[in-house]
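Notes follow the structure.
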Amino acid sequence: MHSPSVAPPSRPEHRAAAGLAGALAACSVLLLTLVAARWNPLIGADGDISRTTHRWAVDEPGLTQACRILTDWVWDPWTMRLLCAVVVVWLVVRLAARWTALWLGLAVALGSLLQQGLKAAVDRPRPVWPDPVDTAHYSAFPSGHAMTATVVCGLLLWLLHRHGVSPAVWRTAVAVAVVSVVGVGLTRVWLGVHWPSDVVGGWLLGALVVALAVWVHERRLPRDRPGEGAS
């Protein structure tokens, strides 16, 4: 007589990632709906903040130039994707973690596809100024810079935590990630190429991609499973 099979209990990592993903999805859908419907209080707040920061940007050319360098080179989406590619190669060559490398590459790629799809669907115009300090193309919502930085930094932080780096390395990585994610969003508003809600949308959607990716990884390769060199 065979014992009935019993499903393994849900691990805390699964529940946490699933719960976080649900909350982020709800917030993302709400913001997306308000943006698409052009909800007056949101549009008004976007305009007020953007007009104020644009005046500051015009009055502070040195700081504005620094923001352009940071947003175009240091925190540019292609810089973030290049960093991800380096980590993918490192995972394969040094750790033989082929499945995790594939997971990381696909998560970043799918995040980029989601971002571009939403830009096309929402088709939100960017701010227009008589005296612009920078230019950008394509639709505004969500901010690709903010979303890409959130996805890449979030996934890399999770990998560092999973592999148990030293406290000093962890604190440094968290500081760099927070400065990068927050900083790139602020530069996009300062330079007048995004509305504040575009940046918030990028942060929310990027965090959603990270939470879903972590949930997938924990289901496929939970922490209590031995190394993945054979995966």
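Each residue of the sequence shown is one higher than the one before, starting from 4 at the first, in the working numbering. All C-beta atoms in this analysis are idealised placements derived from N, C-alpha and C, irrespective of residue type, glycine included. Given the structure is predicted, the values throughout are model-derived calculations rather than measurements.
Would you identify the three-state DSSP class for residue i, choosing helix, strand or coil?
i             : result
aspartate 134 : coil
proline 44    : helix
arginine 58   : helix
aspartate 51  : helix
aspartate 126 : coil
leucine 194   : coil
glycine 167   : coil
glutamate 63  : coil
aspartate 79  : coil
serine 183    : helix
alanine 216   : helix
alanine 29    : helix
leucine 224   : coil
For residue i, which residues in the same chain have their Cβ closer than 7 Å to its Cβ, ignoring the five residues on either side in sequence?
i            : result
glycine 186  : Leu73, Trp78
valine 136   : Ala60, Val61, Thr67, Leu194, Gly195
valine 217   : Ala20, Trp161
aspartate 49 : Trp198, Pro199, Ser200
alanine 214  : Ala20, Leu23, Ala24, Leu27
Do residue i and residue j have their C-beta atoms closer together than 7 Å?
i           : j           : result
leucine 211 : alanine 39  : no
valine 202  : glycine 188 : yes
I'd like the list of long-range same chain contacts for residue i, defined as Cβ closer than 8 Å, with 5 residues on each side in sequence excluded.
i            : result
threonine 56 : Val192, Trp193, Gly195
Got a sec? Which residues, its chain only, sit under 6 Å from residue i by beta carbon, not counting five neighbours each side?
i          : result
valine 219 : none
| task | Please confirm if the region 201 to 210 is in contact with the region 141 to 155, defined as three or more CB-CB distances below 8 Å between the two stretches. | result | Proximity of the region 201 to 210 to the region 141 to 155 meets the contact definition, three or more beta-carbon pairs being nearer than 8 Å.
| message | For the region 30 to 42 against the region 113 to 129, do three or more pairs of beta-carbon atoms, one drawn from each stretch, fall closer than 8 Å, so that the two count as touching? | response | In short, these stretches touch, since the Cβ pair count reaches three.
| request: Inspect the CB distances between the region 89 to 96 and the region 136 to 150 and report whether three or more fall short of 8 Å. | output: Contact fails: fewer than three Cβ-Cβ distances are below 8 Å.
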